[in-house]
Each structure stands twice: as structure tokens, then as C-alpha cells.
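Chemist:
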Amino acid sequence: MGVGKRIVELRSRRGWTTNKLANLAGIAQSALRSIELEEKSPTIDTMTLILDAIGISFADFFAEENQKLDPELRLLLETAKQMPPERRELGQKLLQALNED
């Protein structure tokens, strides 16, 4: 999957428009649209702004294993990564309890 398509996937999963992500990243909407359509490759600085706005690292963005997960599992993983440790632990316990049934 290309960089632009991956950005679209992450943005869409959050329910964000291109305008919202562009505003959060501090870049022009037209620039983001060109990147998402893969008409233009982003610079490292632009990617940093986009990924910071989305809330993921370069490593997570480019991780192959992350892309192989089902969309539902990927969403759970990304949500858990954004949680503080105590909430992540609580979420883990909840999932384990739900799995015992």
C-alpha cells in the first residue's frame, strides 16, 4: 500500500476529512490531497506533521505487520497505543474477561 493510500486509511478510520487532517497537521489541504492521491511524495517534514496529527510514529506507519491485521484489530491496536498505560491495562483486563465467556 502506498503512502497516500495509507494516510487515507488512517484518516478515514478516524472519521476525519482531508480538511480536518490538513488543519491539524498545519499543511494546505491541496498538499494533503496531492499526497493522498499519490500525485506528490511528501517530504520528511510534511510526513512528520501528518503523522503527529494522526498520532502514530513512522515505525507504526510503515510496519508491515500492522498492515496485515484485520481492520478491526488494527483499530484496537492503534487505540490502545494512544491510551495512557493505566487505561491500556484496564482495556486488556476487560478484553480478557470478555474472552472468558
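Each number in our numbering comes from the position in the sequence shown (counting from 1) with 300 added on.
Beta carbons are placed, not taken as given, at the ideal position from N, Cα and C, and that holds for glycine.
If you're wondering where the values come from, they're calculated on a predicted model, not measured in any experiment.
Are the Cβ atoms of Leu375 and Arg313 separated by less than 8 Å?
Modeler: Numbered from its first residue, the sequence shown carries residue 375 at position 75. Numbered from its first residue, the sequence shown carries residue 313 at position 13. Yes, these two residues count as a Cβ contact at 8 Å.
Chemist: By Cβ distance below 6 Å, which residues in the same chain neighbour Ser334 in space, the five residues on each side in sequence not counted?
Modeler: Locating residue 334 in the sequence shown gives position 34, where the first residue counts as 1. Around Ser334: Lys340.
Chemist: Residues in the same chain with beta-carbon distance under 6 Å from Arg311, minus the five sequence neighbours each way, listed in chain order, please.
Modeler: The residue labelled residue 311 in the question sits at position 11 within the sequence shown. Result list for Arg311: Leu321, in chain order.
Chemist: Alpha carbon to alpha carbon, how far is Leu390 from Ile356?
Modeler: For the purposes of this step, residue 390 is identified with residue 90 of the sequence shown, where counting begins at 1. For the purposes of this step, residue 356 is identified with residue 56 of the sequence shown, where counting begins at 1. So the two alpha carbons sit approximately 21 Å from each other.
Chemist: Over what stretch of residues does the alpha helix (DSSP H) that includes Pro385 continue unbroken?
Modeler: Numbered from 1 along the sequence shown, position 85 holds the residue referred to as residue 385. Residues Pro385 to Asn399.
Chemist: Under the three-state reduction of DSSP, which class applies to Met301: helix, strand or coil?
Modeler: Residue mapping note: residue 301 aligns to position 1 of the sequence shown, counting from 1. Coil.
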